[in-house]
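*Asks:* No gaps in the numbering here: position 63 of the sequence shown is 588 in this note's numbering, and each next residue is one more.
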Amino acid sequence: MPTAPRAGGSSGGKAARTLPQRTCVACRTTRPKRELVRVVRSPLGELSVDLRGKAPGRGAYLDPDAGCLERGLAEGALSRALEIPIDEGAAAKLRTELAAAAKERRTNA
């Protein structure tokens, strides 16, 4: 006995592939993952910018501009997302790394 096609099933064509989306923790703008920069808290509690997006640890995404980093630091959004207090030394390191990441993104774009 023939079976009826299932509702919502595949029509045999390939589905359009969607790009992964992420939200900036500071400005709450949703953009493609590759347009944002990941900040990661390593298992040892160290903060760094993760350009590849593959480093182990808890991550949060930011727009690659200094304004979003400063907003995320001032409002505590980055600290909440990474579940760690961020002191001035770590913030300075992130500022330097984010500036380098933004420059690299502009040259590779």
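All residues carry an ideal CB built from backbone N, CA and C; glycine is no exception.
Please read these numbers as outputs of a predicted model, since none were measured by experiment.
Are the C-beta of arginine 547 and some C-beta of chain B separated by less than 7 Å?
*Replies:* This model lacks chain B altogether; it includes just one protein chain.
*Asks:* Going by Cα to Cα distance, which pick from Arg547, Val562, Ser573, Lys539 is closest to isoleucine 611?
*Replies:* Nearest option by C-alpha distance: Ser573.
*Asks:* The beta strand (DSSP E) with glycine 584 in it runs from where to where?
*Replies:* 583 to 587 is the span of the beta strand (DSSP E), which, as asked, contains glycine 584.
*Asks:* Return the chain-ordered ranges of every alpha helix (DSSP H) run that is complete within the stretch 587 to 615 and spans a minimum of 4 residues.
*Replies:* For the stretch 587 to 615, whole alpha helix (DSSP H) runs of length 4 or above, ordered along the chain, are 591 to 600, 602 to 607.
*Asks:* Assuming arginine 547 and arginine 566 form a contact by the criterion Cβ under 8 Å, report the distance between their Cβ atoms to the nearest whole angstrom.
*Replies:* About 16 Å; that fails the 8 Å criterion.
*Asks:* Can you tell me the Cα-Cα spacing of threonine 554 and glycine 597, whole angstroms?
*Replies:* Approximately 13 Å between the Cα atoms of the pair.
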